[in-house]
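Below is one structure, written out as structure tokens; the observations come after it.
Residue numbers (our numbering), protein chains in the order written: chain A, 1400 to 1967; chain B, 616 to 774.
Shown next as structure tokens:
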């Protein structure tokens, strides 16, 4: 009898009794999960025990926040939901920033958390927090598993919800006794009566949109993250070719057209190009695709944004339509399918005069190189040139992020990875880890500041442990540059608590982890350093010493219309 | 403007938190909310009275639809509906006021469900205006305690 039982545990077959932990890992494998980013702890002991027998690869990060960000970076590059795992209590709360980040940028994540046993739920027991409650405002949905038999269905639903419609994070909270409980798992099926995913878009509205485009005199297409997540970048290129539309992108939309594309006017909004902002302000038709009129684009002034334009708003989330700007032609559905349908019906508008105006703005208001010894623009352009078309760039948050957005020649969708909506410093390094694991053969650059790097610097150990050849371009100015710039512009240069006086020697940090370090002080040294970094087989940290007086221009002050830019 | 929404949701623990949390974080104002299981034990019905213009209402409705647990949202504001509230009201009484109060309860078709030496409890159903009117009428006798359920509403037949 005893022998028979141990046989069952050794080689579980279908129809055999499995633990909740085993059922969970099988369910993940059934969803084509290959990688889990995680950190173990008491409430996930059964899961980590079962992991030893599972083909799933686990990446041990050094802080749970990095597990969520890495899963996020992995999802953005691969297009598949990222999976992260943490224990109950502090493990779960450490994921919160990463979950919020994924929620704001509509990134599919399945977040697994351990929980205290159901018998202790609600008793303030050791490492107990109500993580489904805490994350309710920042998740698309969440589950607290109360019965081991529910696991296959919940996992199936979680992946479906995370990846479909407007993607987002889903939390599954797993009490320890449920992980250890056994059952014979049954075939799972979705039980989502009221969850609806929009697809093709209304045919009548699509015809209206095609007509409006064909008849427009000064159209602009405003492309966001939805173009990338729906895989509409090909349709967008085709639409540009057929109609000659000029395109502006959001931060999330970078990569939807190649950087050098003649129709791309650059990023719109607070640190957008003058041309992009003027074009949006002056257009008679705004074709908004997969965007949410975020306040970093509109300055929080929906009523003063593109006031001369009729608005076509294409989005998969009905709640985004009419939230900030009234749409004359709203179309709910998948951006790729809708753009393809518009393509079939649209005719090229006559917009030669409009392009003449746009070219004049471009000549009058180019983005400028700075005058200091080591220009961030030059660093971005040099890396982009040497790294080539297939390189992926991940960024942290701050000035360097805006320079990367403005100057790094991103040529493909899913190749620019950045924390947009939440603006979470510390995102860059773990996101680069996720990006590299999604494209093991790819060349991944991380552009990061000295402030943000130190928020998740412990993850240098993760890149070394997993032999990830991430190339780190540290734009090191010894200050919290973006905050300093804001204080410079809005607080009369009264700089408050932005000096990072006790920065470590980053080359010694690199050396301590076994990473190749280089210091770059002048523009003459940039090319050699970047070449060496690319040729080096392992991870590299390039410490670019830039001036704290490098600021990001142009800049729309909050509350001003997007044509009221400083630093034109 | 006040709007009355009927929201059909899954009858699970935590669903009320999801709905009320949505209202709180998006700064929508709930005037009243009542909820109970429906004829289908898997479904609960919430009647939510919310204050806002048409634009706010459009957002509320769309955001509610995004919750996986929400099956259906109907704005009953401009529909022909029967709506009711239940109130239990404790009013101070003495020998002089007793008969006047009992008469008022009669006029409003209420019921005295408990009578003490110095107070009575009145049960009253009706629309919000009727309950407001009763409260105004008896207030000067001494309104000791007031419990109201919040509005529930149902579409009239043959609509």
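Cβ atoms here follow ideal geometry from the backbone N, Cα and C, with glycine treated the same way.
### Query
CB-CB under 8 Å to residue 1404(A), same chain, minus the five flanking residues each way: which ones, in chain order?
Only weak support exists for where residue 1404(A) lies, its pLDDT of 43 falling under 50; the value from the coordinates is given anyway. Apart from sequence neighbours up to five positions away, no residue of its chain approaches residue 1404(A) with a beta-carbon distance below 8 Å.
#### Entry: DSSP-derived helix/strand/coil call for residue 1851(A)
Secondary structure at residue 1851(A): helix, using DSSP grouped into helix, strand and coil.
### Message
Please state the DSSP three-state secondary structure of residue 1370(A).
### Response
There is no way to answer for residue 1370(A), as the model of chain A reaches only from 1400 to 1967.
### Query
residue 1730(A) versus chain B: which residues are under 9 Å apart at the beta carbon?
Against chain B, a Cβ distance below 9 Å from residue 1730(A) picks out nothing, because the smallest value is about 15 Å.
### Message
Considering only DSSP beta bridges, list what residue 1514(A) is partnered with.
### Response
1574(A)
### Message
Please report the distance separating the alpha-carbon of residue 1534(A) from that of residue 660(B).
### Response
25 Å
### Query
What are the boundary residues of the alpha helix (DSSP H) that includes residue 1489(A)?
1489-1493
### Query
Does any residue of chain B bring its CB to less than 7 Å from the CB of residue 1718(A)?
yes
### Task
With 7 Å as the threshold, decide whether the Cβ of residue 678(B) is near any Cβ in chain A.
yes
### Message
If you measure between the beta carbons of residue 1453(A) and residue 1424(A), is that distance less than 7 Å?
### Response
A contact, by the Cβ cut-off of 7 Å.
### Other residues of its chain near residue 1600(A): CB distance less than 6 Å, five sequence neighbours each side excluded
Excluding sequence neighbours, residue 1600(A) sits near 1730, 1732 and 1737.
### Collapsed DSSP secondary structure at residue 1701(A) in the structure displayed
helix
### Query
If you draw a straight line from the alpha carbon of residue 1684(A) to that of residue 1818(A), how long is it in whole angstroms?
Spanning the two alpha carbons is a distance of roughly 29 Å.
### Query
Tell me, which residues are paired with residue 644(B) by DSSP?
666(B)
### CB contact flag (residue 1834(A), residue 1897(A), <7 Å)
no
### Task
Counting only the same chain and skipping the five closest in sequence on each side, list residues whose C-beta sits under 6 Å from that of residue 1956(A).
none
### Query
Nearest to residue 1701(A) by alpha carbon, out of 1441(A), 1724(A), 1859(A) and 1562(A)?
Of 1441(A), 1724(A), 1859(A) and 1562(A), the smallest CA-CA separation from residue 1701(A) is found for 1724(A).
### Task
Name, in chain order, the residues that DSSP records as bridge partners for residue 1540(A).
1569(A)
### Message
Is it buried or exposed, residue 1497(A), if we count other Cβ atoms within 10 angstroms and call 16 or more buried?
### Response
buried
### Task
Consider the Cβ of residue 1503(A): report whether some Cβ of chain B lies at a distance smaller than 7 Å.
The beta carbon of residue 1503(A) sits no closer than 7 Å to any beta carbon of chain B.
### Query
Any Cβ of chain B within less than 7 Å of the Cβ of residue 1540(A)?
yes
### Task
Using a threshold of 7 Å, state whether the C-beta atoms of residue 1665(A) and residue 1675(A) are closer than that.
yes
### Query
Taking all protein chains shown into account, do 16 or more other C-beta atoms lie within 10 angstroms of the C-beta of residue 651(B), making it buried, or fewer, making it exposed?
Residue 651(B) comes out exposed.
### Task
Mind listing the chain B neighbours of residue 1532(A)? Cutoff is C-beta to C-beta under 9 Å, in chain order.
629, 632 and 636
### Task
Go to residue 1829(A), then tell me how far its alpha helix (DSSP H) extends in each direction, as first and last residue.
1827-1837
### C-alpha distance - residue 1588(A) paired with residue 1417(A), whole-angstrom precision
19 Å
#### Entry: is_contact[residue 618(B), chain A] using C-beta, thresh 7 Å
no
#### Entry: Opening and closing residue of the alpha helix (DSSP H) in which residue 1715(A) lies
Neither: residue 1715(A) is in no alpha helix (DSSP H) and is coded neither H nor E.
### Task
Tell me where the alpha helix (DSSP H) around residue 1604(A) begins and ends.
1602-1614
### Message
Does chain B have any CB closer than 7 Å to the CB of residue 1594(A)?
### Response
yes
### Message
Measuring only the C-alpha atoms, how far is residue 1907(A) from residue 1950(A)?
### Response
28 Å
### Task
Anything in chain A within Cβ reach of residue 674(B), meaning under 9 Å, just list it in chain order.
1718, 1721 and 1722
### Message
Is there a C-beta anywhere in chain B that falls below 7 Å from the one on residue 1454(A)?
### Response
no
### Message
Could you tell me the alpha carbon to alpha carbon distance between residue 1960(A) and residue 1489(A), rounded to whole angstroms?
### Response
42 Å
### Whole-Å CB distance - residue 1547(A) paired with residue 1419(A), under 8 Å assumed
With a contact defined as Cβ atoms closer than 8 Å, residue 1547(A) and residue 1419(A) qualify at about 4 Å.
### Task
Output, in sequence order along the chain, the residues in the segment 1838-1862 of chain A whose CB is closer than 8 Å to any CB in chain B.
Those residues of the segment 1838-1862 of chain A that come within reach of chain B (Cβ to Cβ, closer than 8 Å) do not exist; the list is empty.
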